[in-house]
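Going from the first sequence to the working numbering is simple: count from 1 and add 1052.
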Amino acid sequence: MSKFTENKSPDFFFLVYEIVRCIPRGRVSSYGAIAKAIGSKASRQVGMAMNFSHGVQPPVPAHRVVNRIGVLTGKHHFSDPGAMQRQLEEEGIRVVNDKVQNFEQVFWDPLKEINL
DNA sequence: CAGCTGACAAAGA
DNA sequence: ATCTTTGCCAGCT
């Protein structure tokens, strides 16, 4: 286990940021996968961390984090609701009706990619 | 100080 | 297959 797992403290947000920043361009991840990567099941707090990521440095690609079915649940929390979908499409991810198409193809699993 | 909320997910019925 | 319940834990009221 790396610097991730083995943690369940206020660093939760920080760990979430680390994982999210590792998401490659053109890929997306889910709250649960990120939470699991940290060693927790608090997928809700992952969303909270995203909400807190406004002004965080380096910037966190929160637009690449969606729920487990690929729906852009948090697009309303962005400066502009449409920005999330626009950025995803710009990265090659097709989004229709606030839902990521080919989700299983663009899905990026931190546990599988980071801790190898 | 105590309870409720929430960018979710997995298990039970 | 859908609906309901529980866990999760920081932040707010």
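Every residue gets a Cβ at the ideal spot worked out from N, C-alpha and C, and that includes glycine.
Taking the Cβ atom as the reference point for each residue, do Val1072 and Val1117 lie within a distance shorter than 8 angstroms?
-> Yes, the Cβ-Cβ distance between Val1072 and Val1117 is below 8 angstroms.
Could you tell me whether the segment 1087-1105 touches the segment 1141-1149, where touching means 3 or more Cβ pairs closer than 8 angstroms?
-> No contact exists between the segment 1087-1105 and the segment 1141-1149.
If you measure from the CB of Leu1124, is any heavy atom of the ligand NAP nearer than 7 angstroms?
-> As for the ligand NAP, it is missing from this structure, which has no ligand bound.
Would you check if the segment 1157-1168 and the segment 1085-1093 touch, i.e. whether three or more CB-CB distances between them fall below 8 angstroms?
-> A contact exists between the segment 1085-1093 and the segment 1157-1168.
Taking C-alpha atoms, which residue in Arg1096, Pro1133 and Ile1075 lies nearest to Pro1113?
-> That would be Ile1075, whose Cα lies nearest to the Cα of Pro1113.
So, using beta-carbon positions, are Gln1097 and Phe1064 closer together than 8 angstroms?
-> In contact: Gln1097 and Phe1064 (Cβ atoms closer than 8 angstroms).
Between the Cα of Pro1111 and the Cα atoms of Ile1166, Tyr1069 and Asn1154, which residue gives the shortest distance?
-> Looking only at Ile1166, Tyr1069 and Asn1154, the smallest Cα-Cα distance to Pro1111 is reached by Tyr1069.
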